[in-house]
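Written below as structure tokens is the structure these notes are about.
Number of protein chains: 2
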Amino acid sequence: MEVLSVTTAVLEYLRDRIISGELKAGQRLSEAELATSLEVSRGPIREAFRVLEKEQLVVSFPRRGTFVSEVSVEDFLDLYQAREMLECYAIELLKESEKRELSEVEGALDKTVDLPFPPPGDTEAKLKYLRAFSNFHFKLVEAAGNKRVTKFYRDISNHLLRYQFMYAYIPGLTKNSQKDHTQILNLIKAGEYDKAKEFLRVHIRSFVKLMKSWMFGPRENQG
Amino acid sequence: MEVLSVTTAVLEYLRDRIISGELKAGQRLSEAELATSLEVSRGPIREAFRVLEKEQLVVSFPRRGTFVSEVSVEDFLDLYQAREMLECYAIELLKESEKRELSEVEGALDKTVDLPFPPPGDTEAKLKYLRAFSNFHFKLVEAAGNKRVTKFYRDISNHLLRYQFMYAYIPGLTKNSQKDHTQILNLIKAGEYDKAKEFLRVHIRSFVKLMKSWMFGPRENQG
DNA sequence: ATCGAAAATATTGTTTACAATTAACAATAA
DNA sequence: TTATTGTTAATTGTAAACAATATTTTCGAT
Chain E
1 MEVLSVTTAV
11 LEYLRDRIIS
21 GELKAGQRLS
31 EAELATSLEV
41 SRGPIREAFR
51 VLEKEQLVVS
61 FPRRGTFVSE
71 VSVEDFLDLY
81 QAREMLECYA
91 IELLKESEKR
101 ELSEVEGALD
111 KTVDLPFPPP
121 GDTEAKLKYL
131 RAFSNFHFKL
141 VEAAGNKRVT
151 KFYRDISNHL
161 LRYQFMYAYI
171 PGLTKNSQKD
181 HTQILNLIKA
191 GEYDKAKEFL
201 RVHIRSFVKL
211 MKSWMFGPRE
221 NQG
Chain G
1001 MEVLSVTTAV
1011 LEYLRDRIIS
1021 GELKAGQRLS
1031 EAELATSLEV
1041 SRGPIREAFR
1051 VLEKEQLVVS
1061 FPRRGTFVSE
1071 VSVEDFLDLY
1081 QAREMLECYA
1091 IELLKESEKR
1101 ELSEVEGALD
1111 KTVDLPFPPP
1121 GDTEAKLKYL
1131 RAFSNFHFKL
1141 VEAAGNKRVT
1151 KFYRDISNHL
1161 LRYQFMYAYI
1171 PGLTKNSQKD
1181 HTQILNLIKA
1191 GEYDKAKEFL
1201 RVHIRSFVKL
1211 MKSWMFGPRE
1221 NQG
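So the sequences go chain by chain: E and G. Going letter by letter, the first sequence gives residues 1 to 223 in our numbering. Going letter by letter, the second sequence gives residues 1001 to 1223 in our numbering.
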């Protein structure tokens, strides 16, 4: 637990635990408990809380405590609407830019081909697995070249991962995503930006539709 | 200095000092110095730093210190690109939504009519003045109803204010903005969404063009 | 048995103190 | 004079102690 700063280590640890669902929505995060558990003092915990609060992964109430943020269909839809907007705009910018640099996007896509589906129980591996797919979208936004938007998208990405971890952790789905991603990148490389945008929009919206039915219906994909 | 929590008070104080330019880009922010100056301990200062760091108003280097973030033309252009995207998308969403609620936008606009130009030297008044105009755009984005995007826009807004404070604090300019804002709202209310979007785009881009020339050229509008 | 009030407990907010690291400075050698 | 290295001072990172508030428990009255 001594990489860079204790605060950073605590931050990344907590972030991953929330995204993976080990720390559940609404759950109280006790400063003292975490401090003893992680063998650090409360200072770094509190500093990490302030960052997570800004990321909206936790919510703090003065003198009441800090809690893992709630999930909801409304929030989920907000996230995906934001995602659609950002990614479509990214493609729009790629269209206008003279020298588009897609090697990072291509690299992210490559890392998802034939990626083995992690065994149940290995949370860390699951996280890495889902992050690999998520990374394609991130690199796409990053390629647009707007640093502000990129940073925002990273936070959005973490929340998306959280919902995916809850509802969309299924082999077939990621396999399908991989195919779609390849198609999107090919269209962009071929200069078919509008087609790429439309395909991406469909890719996102069909996923949302699927997830929505799961969120409303019985919860059998949470483990 | 005892409103809610000390951390919050410190946070808001520092944020305003950075936006107003009293704390200059690149300037080091000493924890001990601020602590004695504000008559608090270093704990809340550090917590506020973590939030400001996430807002990109400061940059922290481990064991080196915390510094007011730099400004640049590139960053400025990123911000305005993000702004254009978000606000245009907001109008797009208003177009699609059945019951658009524009009373907040209208309220924000009303507060800018005949707003007296603050006397030089009164930084707090200057901030309030510029925020009033900025608020129109914020309420417009908020009206779109996406909470995630709204929170992101608030951070963007603060940075925009910072650049405006540096380069665009001029009576005629805000007067002109007020006229444009009225026009935009009228077009939206009339259901002319595409026209509103195009007008907004021009409003933003002409402002960027003006600012860019000032940022590259001699700096005579900084006081 | 239930409701309410008061004490006890637990938790957060803040301060103070200590440890570790970095930056500044002076002394020495090239 | 310049570069380099060792020492000192300053600053950040972390931990521990204290204060204030919220929650829980306990006890009594209805």
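Note that the Cβ used here is the ideal one computed from N, Cα and C, for glycine as well. Treat the numbers as computed from the prediction; the structure is a model and nothing was measured.
Taking Cβ positions, are residue i and residue j nearer each other than 8 Å?
i	j	result
residue 1168/G	residue 1104/G	no
residue 212/E	residue 73/E	yes
residue 1108/G	residue 1139/G	yes
residue 54/E	residue 1051/G	yes
residue 1037/G	residue 1123/G	no
residue 1005/G	residue 171/E	no
residue 207/E	residue 183/E	no
residue 1088/G	residue 1189/G	no
residue 1078/G	residue 146/E	yes
residue 1195/G	residue 1187/G	yes
Answer yes or no: does any C-beta atom of chain E fall closer than 8 Å to that of residue i?
i	result
residue 1081/G	yes
residue 1013/G	no
residue 1047/G	yes
residue 1205/G	no
residue 1146/G	yes
What is the residue span of the beta strand (DSSP E) that residue i lies within?
i	result
residue 1066/G	1065–1068
residue 1103/G	Run containing residue 1103/G: none in the beta strand (DSSP E); it sits in the alpha helix (DSSP H), 1103–1110.
residue 1059/G	1058–1061
Can you tell me which of the options puts its alpha carbon nearest to the alpha carbon of residue i?
i	options	result
residue 112/E	214/E, 175/E, 205/E	175/E
residue 1043/G	1158/G, 1007/G, 1076/G	1007/G
residue 1029/G	1049/G, 1039/G, 1099/G	1049/G
residue 80/E	1148/G, 1063/G, 1131/G, 1057/G	1148/G
residue 18/E	196/E, 187/E, 110/E, 164/E	164/E
residue 159/E	93/E, 68/E, 178/E, 190/E	68/E
residue 1306/G	1054/G, 1194/G, 1154/G, 1141/G	Only positions 1001 to 1223 of chain G appear in this structure, which leaves residue 1306/G out of reach.
residue 1117/G	1185/G, 1173/G, 1040/G, 1202/G	1173/G
residue 201/E	153/E, 152/E, 137/E	137/E
Can you name the start and end residues of the alpha helix (DSSP H) that residue i belongs to?
i	result
residue 152/E	147–167
residue 78/E	73–96
residue 27/E	Segment: none, residue 27/E is in no alpha helix (DSSP H) and carries neither H nor E.
residue 1119/G	First-last for residue 1119/G: undefined, no H or E at that position.
residue 1053/G	1042–1054
residue 1009/G	1006–1019
residue 1188/G	1171–1189
Please report whether the beta-carbon of residue i lies at a distance below 8 Å from any beta-carbon of chain G.
i	result
residue 62/E	yes
residue 54/E	yes
residue 154/E	no
residue 78/E	yes
residue 31/E	no
residue 89/E	yes
residue 40/E	no
residue 50/E	yes
residue 224/E	No statement about residue 224/E is possible, as the shown extent of chain E runs from 1 to 223 and does not include it.
residue 201/E	no
residue 85/E	yes
Any heavy atom of the ligand MN within a distance shorter than 7 Å of the CB on residue i?
i	result
residue 132/E	Judged by which ligands are present, the structure shown has none, so any question about the ligand MN falls away.
How many angstroms separate the CA atom of residue i from the CA atom of residue j?
i	j	result
residue 1099/G	residue 86/E	25 Å
residue 1001/G	residue 214/E	Low per-residue confidence applies at residue 1001/G: pLDDT is 32, beneath 50, and the placement is therefore not dependable, though the value from the model is reported in the following sentence. Spanning the two alpha carbons is a distance of roughly 48 Å.
residue 1047/G	residue 150/E	24 Å
residue 57/E	residue 15/E	7 Å
residue 1133/G	residue 1106/G	12 Å
residue 92/E	residue 161/E	25 Å
residue 1180/G	residue 205/E	35 Å
residue 1025/G	residue 115/E	45 Å
residue 1156/G	residue 31/E	31 Å
residue 126/E	residue 27/E	22 Å
residue 221/E	residue 166/E	For residue 221/E, the pLDDT reaches just 44, beneath the cut-off of 50, and the residue's location in the model is therefore unreliable, although a value from the coordinates is still provided. Roughly 7 Å separates the two Cα atoms.
residue 34/E	residue 45/E	7 Å
residue 1119/G	residue 1083/G	29 Å
residue 1095/G	residue 1066/G	44 Å
residue 135/E	residue 193/E	20 Å
residue 1219/G	residue 1060/G	With a pLDDT of only 48 at residue 1219/G, under 50, the local geometry of the prediction cannot be trusted, and the value read off the model is given with reservation. Computed Cα separation, rounded: 28 Å.
residue 209/E	residue 41/E	44 Å
residue 1191/G	residue 1090/G	14 Å
residue 121/E	residue 1152/G	35 Å
residue 22/E	residue 1178/G	50 Å
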